[in-house]
DNA sequence: TTCTGTGAATACCTTCACAGCG
DNA sequence: CGCTGTGAAGGTATTCACAGAA
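Protein chains in written order, with the working numbering: chain V, 31 to 244; chain B, 31 to 244.
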């Protein structure tokens, strides 16, 4: 791997390539060229080659990339060789939906706990067996269960404080759903998904067409 | 407004500015400079001025921007003057969580229906009064209720077909949660949120630190 | 003087185009 | 030959720096 720092655009595309390679591998396809891979996402083939070249020389000139091998390597690059343990903070609707979402496990992420502060919910077990734990037990549970990431699904007002507690518990990666900008500590990463802002982007698009911008 | 096309980076930031301006307005602040606004998101002040300049000259030299006025204008630019009616396709956990999420209404989006294909759920009403409607009635309901946007929360396998039906029903803006790339029709827009890919980005970050990339 | 609005400079991301290997 | 890997070119986004208005 080269010393340069990799952009998020690249890592995002790696995930996309990985999905496609997994499907191809399952189909029994053994080799794929950057060109035919590119066509699937209407993307430039040089883009794919550049993305991969950051991490080594995986291809065979005149042939293409060996599907299974490339799949394994990208999986490795993304740190997906082993299952990642994830927790959800906040046992409201969104939190519970996240805890139960089947897609995570399929991609190597296992939700092992939901943290809550409402006594009524603490101690219960969610449908698929995920325990609802007191937020007070965050630190011990994180350590005991080897939790590496947290998904924050608490009200906006609580988000900042919750992130601090999560960092204090030793977690260094957060996926934040609260509509609040939180600044990561050095050595940590926060990725935010703001549903209202996404909808506002769509609203802008619709408004533009309406006023004839086309 | 200038003829240039506006990048998504800009519109995304406009949403962020809007949030901040709303808070300032509520606090009674009357004027804000690009510099002090920039400090809140550690962002460059020229960035903010450029973003706003695409749409007109809103500021007063030597003073800054009038908070309430700028708030109204951005709101207008983003098409947020009126409430937007939104539907959810898919009545699973995620779909129901989206239907009940209070944050949308606060930002001008109202979820007015959840579309489902399971007969057991159709005809029921979700907690906050959102009706669960048969996907077969999509077109009529969209027309009758003036629905402008759809949030897709169906399994990956169904996503593509569902998007087609949504477009056929006259909706031109989609927020897609299914882990599938869907190509928008001309004149439509699809914004995708892929939870697993977001987690993979975090996994890459953690993997990098672990191998000493720092 | 302060702070906007904006051309110029820079940094970054993508695409082109081709040398070179299998 | 076909396709990768990559320097060079082309675009786009961000930042700098300053002229000019209040």
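Every residue gets a Cβ at the ideal spot worked out from N, C-alpha and C, and that includes glycine.
**Message:** Is there a C-beta anywhere in chain B that falls below 7 Å from the one on residue 221 (chain V)?
**Reply:** yes
**Item:** chain B residues whose Cβ lies nearer than 8 Å to that of residue 131 (chain V)
**Value:** 123, 124 and 225
**Message:** Quick check on residue 242 (chain V) - is its C-beta less than 7 Å from some C-beta in chain B?
**Reply:** Model confidence at residue 242 (chain V) stands at a pLDDT of 37, short of 50, so the residue's coordinates are unreliable and nothing is read from them.
**Prompt:** Quick one: what does DSSP say residue 154 (chain V) is sitting in, helix, strand or coil?
**Reply:** coil
**Message:** The alpha helix (DSSP H) that contains residue 197 (chain V), what's its start and end?
**Reply:** From DSSP, the alpha helix (DSSP H) with residue 197 (chain V) extends over 186-198.
**Item:** Own chain partners of residue 244 (chain B) with C-beta closer than 7 Å, once the 5 adjacent residues on each side are dropped
**Value:** Its pLDDT being 36, under 50, residue 244 (chain B) is placed unreliably by the model, and nothing is read from it.
**Request:** Give the DSSP-derived three-state secondary structure of residue 42 (chain V) in the structure shown.
**Result:** Reduced to three states, the DSSP call for residue 42 (chain V) is helix.
**Prompt:** Under 7 Å, do residue 203 (chain V) and residue 232 (chain B) count as touching if we go by C-beta distance?
**Reply:** yes
**Selection from V:234, V:132 and V:124 that minimises the alpha carbon distance to residue 131 (chain B)** = V:124
**Prompt:** Alpha carbon to alpha carbon, what distance is there between residue 197 (chain V) and residue 237 (chain B)?
**Reply:** 17 Å
**Message:** Can you list, in chain order, the residues of its chain with a C-beta nearer than 6 Å to that of residue 6 (chain B)? Leave out the 5 residues immediately preceding and following it.
**Reply:** With chain B covering 31 to 244 only, the question about residue 6 (chain B) has no answer from this structure.
**Prompt:** In chain order, what residues of the same chain lie with their CB nearer than 8 Å to the CB of residue 111 (chain V), ignoring the 5 residues before and after it?
**Reply:** Cβ contact annotation for residue 111 (chain V) (same chain, cutoff 8 Å, sequence separation greater than five): 105, in chain order.
**Message:** Checking the sheet assignment: what are the DSSP bridge partners for residue 203 (chain V)?
**Reply:** Bridge partners of residue 203 (chain V): V:179 and V:219.
**Message:** Excluding the 5 residues flanking residue 4 (chain B) on each side, which residues of the same chain have their C-beta closer than 6 Å to its C-beta?
**Reply:** Any property of residue 4 (chain B) remains undetermined from this structure, which presents chain B solely from 31 to 244.
**Request:** Please classify residue 103 (chain V): does DSSP put it in a helix, a strand, or coil?
**Result:** helix
**Message:** Taking its Cβ as the centre, do 16 or more other Cβ atoms sit within 10 Å of residue 39 (chain B), making it buried, or is it exposed?
**Reply:** exposed
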